[in-house]
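Here the structure is laid out as structure tokens; the discussion comes afterwards.
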Amino acid sequence: MAQNFELIFPREEGKYLVTEKGTLDKKKIQEILNSHACDWVMSPHPIDERSSFLHWHVGIHTNSNNEYATIGKWFGLKENSVEKIKGKFTSSYLLYIVHEDRGSIQQGKTKIPYDLVEANFTIDYNSLVENTRRAETLDDKLDKLANGEISEFDLYQSESVSVLRKNLKRISDALVTRSKKAKVQGKERDMQVVYITGKARTGKSYLAKRLAKEAGYSVYETSNGKNPFDDYMGQDAVIVDDIRASDFKFNEFLKITDNHMSAMVSARYHNIDLNCKCMYLTSVVPLSEFYENLRKENDEASEQITGRIGMLIEVDKKTFDISVYNDETMTYEKIARGLPNPILTDKDIQRMNVNERKKMAVNMFKGIADLSDYTADYVDKHQMSLTDDFMPVPDDDPFED
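Numbered as in our numbering, the sequence shown ends at 1005 without a single skipped number.
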């Protein structure tokens, strides 16, 4: 039993085909449909390269379940002359009868002018087509997401908040499909791993971000906690900041730094396909010491980890050195030494820290509801320039003891 049916006129036994040219007794058909309290729509399909005769499609939506034979009796048709409508009556079928559905478009069927369609309810074809195309576009993107052709980051950049909010379950399903498929296929990647080391306040993290930006990469910075890749969305570059040998188990480190095979990493809701183009590891620990600590932590042979990191950058406040790994000698060879460090000077670092403190203080002050108007005005006034080394304090500063 069903609720949505389609009849196609003429049929051999149909009695509503008035002339050989295909003129339909639409009035009689509509009277029958209205007598059964149906929603109905009808559209002519003219002769073209895909149809050898003029015929009419009549779609019916009934309020209760019916047998095919029951619908056929209304028009004196045999049961096999009645078909069940596939898809939603008020969307996919309405597009089908004017050949605006995806299948008809792919087959090259002639589109039916909207003004030839008759129905006993209002149809806004322009909005219907626009919404359907938008939905089909999202369907295509979700297929590409599941297939690994685009990233979750790409999807969130291209779609509106409304679309994303309404399709969270579908996005999640696509990501689960992607992770399972990646695990089965063993997806390949071509990833570079860069280790940036130096003392605190030498601009290691800033350098990693700068390098990624110059390469045109989207960036993900790992979070703290058990699953540092929880919020990874397929960005091009991953920055693992302030890394220690104790942060990862040996096998985990091998997996995430594999230059040629994408890694499945643990996340809060489902495993994530870590398939970035570049990974930047920053640490105060020199690379040789990091390797040694990693071996001690995991009691493994050095051959398995050397060479995973293809580039080494050693930074101090004034200069930096660049080395690359030589697979033949299994050592790092310096290709640049003593280059001036343009990233952060002492004054840059001091100013950055001072500015951050200024912003924090301003936000704290503005959040206090019972501050006097004078205090609020003072805070606003002296926030005009955060590039000053020090916030100016007037002689009559009310905060002095």
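Beta carbons are placed, not taken as given, at the ideal position from N, Cα and C, and that holds for glycine.
Please list the terminal residues of the continuous beta strand (DSSP E) segment that includes Tyr-884. In the sequence shown, counting from the first residue as 1, residue 884 sits at position 280. From DSSP, the beta strand (DSSP E) with Tyr-884 extends over 882 to 887.
Return the CA-CA distance between Tyr-742 and Ser-827, expressed in angstroms with no decimal places. Within the sequence shown, residue 742 is the residue found at index 138, counting from 1. Within the sequence shown, residue 827 is the residue found at index 223, counting from 1. According to the sequence shown, residue 742 is Leu rather than Tyr. Answer to the nearest angstrom: the Cα atoms are 29 Å apart.
For Cys-880, collect the residues of the same chain with a Cβ closer than 7 Å to its Cβ; drop the 5 residues on either side in sequence, then sort them by chain order. Indexing the sequence shown from 1 puts residue 880 at position 276. Around Cys-880: Met-795, Gln-839, Asp-840, Ala-841, Val-842.
Leu-878 lies in the beta strand (DSSP E); which residues open and close that run? For the purposes of this step, residue 878 is identified with residue 274 of the sequence shown, where counting begins at 1. 876 to 878 is the span of the beta strand (DSSP E), which, as asked, contains Leu-878.
Helix or strand or just coil, what does DSSP make of Gly-820? Start at 1 with the first residue of the sequence shown, and residue 820 comes out as number 216. In the structure shown, Gly-820 sits in coil (DSSP, three-state: anything other than H, G, I, E or B).
Ala-778 by DSSP, collapsed to three states: which one? Residue mapping note: residue 778 aligns to position 174 of the sequence shown, counting from 1. Judged by DSSP in its simplified three-state form, Ala-778 adopts helix.
Does the Cβ-Cβ distance between Ile-701 and Ser-647 come in under 7 Å? Translated into the one-based positions of the sequence shown, residue 701 becomes position 97. Translated into the one-based positions of the sequence shown, residue 647 becomes position 43. Cβ distance < 7 Å, so Ile-701 and Ser-647 count as in contact.
Burial state of Lys-691, where buried means 16 or more other Cβ atoms lie within 10 Å: Here the question's residue 691 lines up with position 87 in the sequence shown. Here the sequence assigns Gly to residue 691, which means Lys is not the residue at that position. So Gly-691 ends up on the exposed side.
Is the separation between the beta-carbon of Ile-939 and that of Ile-926 shorter than 7 Å? Here the question's residue 939 lines up with position 335 in the sequence shown. Here the question's residue 926 lines up with position 322 in the sequence shown. Contact: yes.
Could you pull out every residue in the same chain whose Cβ sits closer than 6 Å to the Cβ of Ile-847, ignoring the five residues on either side in sequence? As a first step, residue 847 must be located in the sequence shown, where it is residue number 243. Excluding positions up to five away in sequence, the list reads Leu-885, Ser-887.
So which of Leu-768, Ser-764, Leu-779 has the shortest CA-CA distance to Ile-754? Indexing the sequence shown from 1 puts residue 754 at position 150. Minimum Cα distance to Ile-754 is reached at Leu-779.
Spatial distance of Ile-664 from Arg-738 (CA atoms): Within the sequence shown, numbered from 1, the residue matching residue 664 stands at position 60. Within the sequence shown, numbered from 1, the residue matching residue 738 stands at position 134. Rounded to whole angstroms, Ile-664 to Arg-738 spans 26 Å at the Cα level.
Just to confirm the assignment: which complete beta strand (DSSP E) runs, minimum length 3, are found wholly within the stretch 673 to 712? 686 to 688
Quick check: the Cα distance between Val-686 and Val-662, rounded to an integer number of angstroms? As a first step, residue 686 is located in the sequence shown; it is residue number 82 there, counting from the start. As a first step, residue 662 is located in the sequence shown; it is residue number 58 there, counting from the start. Distance between the alpha carbons of Val-686 and Val-662: 10 Å.
Do Val-919 and Gly-752 have their C-beta atoms within less than 7 Å of each other? As a position in the sequence shown, residue 919 is number 315, starting the count at 1. As a position in the sequence shown, residue 752 is number 148, starting the count at 1. Not closer than 7 Å, so no.
Let me know the secondary structure DSSP gives Ala-973 once reduced to three states. Locating residue 973 in the sequence shown gives position 369, counting from the first residue. With a pLDDT of only 46 at Ala-973, under the threshold of 50, the placement of this residue in the model should not be trusted, and no figure is reported.
From this set, Asp-728, Ser-731, Ser-762, Tyr-729, which residue's C-alpha is nearest Asp-744's C-alpha? Here the question's residue 744 lines up with position 140 in the sequence shown. Measuring from the Cα of Asp-744, the nearest candidate turns out to be Ser-762.
Local conformation of Thr-991 per DSSP, three classes: Locating residue 991 in the sequence shown gives position 387, counting from the first residue. Per-residue confidence for Thr-991 stands at a pLDDT of 42, beneath the threshold of 50, marking its modelled position as unreliable; the derived number appears in the next sentence. Of the three classes helix, strand and coil, the one that applies to Thr-991 here is coil, per DSSP.
By the DSSP assignment, the alpha helix (DSSP H) with Lys-631 in it spans what residues? By 1-based counting over the sequence shown, the position of residue 631 is 27. It spans 630 to 639 - the alpha helix (DSSP H) in which Lys-631 sits, taken as one unbroken run.
Is the distance from the Cβ of Ser-1063 to the Cβ of Phe-757 below 7 Å? Since the first residue shown for the chain is 605 and the last is 1005, residue 1063 is missing from the structure and cannot be characterised.
Neighbour-count burial assignment, Glu-760, 16 or more Cβ in a 10 Å radius: Counting from one through the sequence shown, the residue named residue 760 turns up at place 156. A small correction: the amino acid at residue 760 is Tyr; Glu does not occupy that position in the sequence shown. Counting Cβ neighbours within 10 Å, Tyr-760 comes out exposed, since fewer than 16 surround it.
Are the stretch 887 to 899 and the stretch 848 to 860 touching, with three or more C-beta to C-beta distances below 8 Å? Contact between the stretch 887 to 899 and the stretch 848 to 860 is present, with at least three C-beta pairs closer than 8 Å.
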